[in-house]
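In the working numbering, the protein residues as written are 17 to 331.
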Amino acid sequence: MRAVIVESFEDPVQVVVRERPDPVAAAGQVVVRTQSIGVGYVDVRAARGHYPYFPGRGASLGLEVVGVVESCGAGVDTDLLGRRVLGLPQFGGFAELVVVNSDRVFVLDSADDTDEAVALGLNALVAEIGLRRAGLAPADRVLVRGAGGSIGVLATQIAAASGAHVTAVTSSASRAQRLLTLGATHAVQRDEVTNGEADFDLIVDTVAGADLSAHLRLLAPYGRYLLCGAAGGNPIGSEFETIMEIYHRSPTLLAFSLNTASAPELRTSWKRVSDLAHHGLLRGPIQARYPLASAMEALRSLEQGGVFGKVLLTP
Numbered sequence: 017m018r019a020v021i022v023e024s025f026e027d028p029v030q031v032v033v034r035e036r037p038d039p040v041a042a043a044g045q046v047v048v049r050t051q052s053i054g055v056g057y058v059d060v061r062a063a064r065g066h067y068p069y070f071p072g073r074g075a076s077l078g079l080e081v082v083g084v085v086e087s088c089g090a091g092v093d094t095d096l097l098g099r100r101v102l103g104l105p106q107f108g109g110f111a112e113l114v115v116v117n118s119d120r121v122f123v124l125d126s127a128d129d130t131d132e133a134v135a136l137g138l139n140a141l142v143a144e145i146g147l148r149r150a151g152l153a154p155a156d157r158v159l160v161r162g163a164g165g166s167i168g169v170l171a172t173q174i175a176a177a178s179g180a181h182v183t184a185v186t187s188s189a190s191r192a193q194r195l196l197t198l199g200a201t202h203a204v205q206r207d208e209v210t211n212g213e214a215d216f217d218l219i220v221d222t223v224a225g226a227d228l229s230a231h232l233r234l235l236a237p238y239g240r241y242l243l244c245g246a247a248g249g250n251p252i253g254s255e256f257e258t259i260m261e262i263y264h265r266s267p268t269l270l271a272f273s274l275n276t277a278s279a280p281e282l283r284t285s286w287k288r289v290s291d292l293a294h295h296g297l298l299r300g301p302i303q304a305r306y307p308l309a310s311a312m313e314a315l316r317s318l319e320q321g322g323v324f325g326k327v328l329l330t331p
């Protein structure tokens, strides 16, 4: 099979297609032949050696795929054979074949679009579970930071579908306009929002980076701050001072990674995501599709910014 391998973390990063032996499913696993592959900011960080859970040089990127189950390991229901599924591997997804634990495989409906399922995929699960853990309520005033990204655009829609008043923060007027069509109550450019009043019940932050403190200050009393991404890199280290500054507002600070979600929680969340999508309340915008051999170009497009929604690879 062909797989995209990280051969060097140094500049210029070496991400290349190589022939690899076909994988074999161990007990509790399936092998999926990929049809569409999601590309995310975690892949960008992993390719540069900045993600601690990436196996290292010689390994393949990729945490989300849609494809057809080709084989099942011991203990796996063989009814999965030939079924089209969303799979969430522990890396290895940038390949024609990938091994996935069977409890991280979700059978798709026949009407589900393959690319759309990946564009929802992992990111919709992060958004849906994260918002639920943060106690999203219908009357909440919600700010979504990085609302044009693959998690943010879905968090915007899920919050709006719940009845919340959503302010979407993004990098351009054109992206802001698109977010309004997806259910945002307001959409502003990122240089406008930090001058506002502290009146948000819930802030969803997919960016982190140097401006995290400025956004913490926008929390209303008893507000919740959910960190569920770091597209802007690590914070600069002054956040604790800001927390003490807003201490008397009694804020709640949360972080959510999909790595902590149990298999039953993932399955429940995917059912909710699918229901929203089937009712026309949630969709995953797709920015671009690249062939597998152009994986480096796909990663660069994310790193350079300006992507609205999801970038995909086609094997």
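Ideal Cβ positions, reconstructed from N, Cα and C, are used throughout, including at glycine.
Remember, predicted model here, so these are calculated numbers, not experimental data.
What does a CB cutoff of less than 7 Å around residue i pick up in its chain, not counting 5 residues either side in sequence?
i      : result
ALA63  : VAL22, VAL29, VAL31, LEU77 and LEU315
LEU318 : VAL55, TYR57, VAL60 and VAL327
GLN205 : THR186, SER187, SER188, ALA189 and ALA192
GLU281 : ILE145
Whole angstroms is fine: what's the gap from residue i's alpha carbon to residue j's?
i      : j      : result
ALA309 : PRO237 : 50 Å
THR130 : GLY108 : 19 Å
GLY54  : LEU329 : 6 Å
ALA163 : THR284 : 24 Å
GLN320 : VAL289 : 29 Å
SER278 : ALA140 : 16 Å
VAL134 : SER229 : 32 Å
VAL85  : GLY44  : 13 Å
PHE122 : PRO331 : 20 Å
LEU170 : LEU298 : 7 Å
LEU274 : GLU261 : 30 Å
ASP27  : GLY65  : 11 Å
SER266 : ILE259 : 10 Å
ASP291 : ASP128 : 11 Å
GLN303 : GLY168 : 14 Å
PRO68  : THR276 : 15 Å
VAL209 : VAL142 : 24 Å
TRP286 : GLU35  : 33 Å
GLY225 : GLY322 : 17 Å
GLY91  : GLU257 : 52 Å
ALA311 : ARG120 : 24 Å
ASP207 : ASP95  : 52 Å
GLY72  : ARG305 : 26 Å
Mind checking whether residue i and residue j have CB atoms under 9 Å apart?
i      : j      : result
VAL33  : ARG18  : yes
ARG100 : GLY89  : no
ASP217 : GLY248 : no
LEU269 : LEU243 : yes
LEU97  : LEU138 : no
ALA153 : SER178 : yes
VAL115 : VAL40  : yes
PHE25  : ARG149 : no
GLY245 : VAL223 : yes
LEU198 : ALA180 : no
Run the CB neighbour count on residue i, radius 10 Å, all protein chains shown included, and call it buried at 16 or more, exposed below.
i      : result
ASP221 : buried
LEU113 : buried
HIS231 : buried
ALA111 : buried
GLY151 : exposed
GLU338 : A question about residue 338 goes unanswered here, because the residues of the chain that appear run from 17 up to 331.
PRO251 : buried
TYR241 : buried
PHE324 : buried
GLY74  : exposed
GLY146 : buried
GLU313 : exposed
GLU80  : buried
GLY239 : buried
Which residue from the options puts its Cα closest to that of residue i?
i      : options                         : result
ALA155 : GLY146, VAL182 and ILE167       : VAL182
HIS264 : ALA133, PRO39, ASP27 and ALA214 : ALA214
GLU132 : THR197, GLN51 and ARG73         : GLN51
LEU124 : GLY65, LEU136 and GLY44         : LEU136
SER166 : MET312, ARG73 and GLY300        : GLY300
VAL332 : ARG73, PHE25 and ASP93          : Residue 332 lies beyond the residue range present for the chain, which begins at 17 and ends at 331; the question has no answer from this structure.
GLY332 : VAL81, TYR67 and ILE174         : The displayed coordinates of the chain run from 17 to 331. Any statement about residue 332 would go beyond what the structure contains.
ALA42  : GLU35, SER87, PHE70 and GLU281  : SER87
PHE70  : GLN106, GLU281 and ALA311       : GLN106
SER126 : PRO280, LEU102 and GLY225       : LEU102
ILE219 : ARG36, ARG157 and ASP95         : ARG157
Closer than 6 Å by C-beta to residue i: which residues in its own chain qualify, once you throw out the five before and the five after it? Chain order, please.
i      : result
ALA184 : VAL160, ALA163, THR172, LEU195, ALA200 and ALA203
ASP38  : MET17 and LEU113
HIS294 : none
PRO307 : THR330
In chain order, what residues of the same chain lie with their CB nearer than 8 Å to the CB of residue i, ignoring the 5 residues before and after it?
i      : result
GLU339 : No statement about residue 339 is possible, as the shown extent of the chain runs from 17 to 331 and does not include it.
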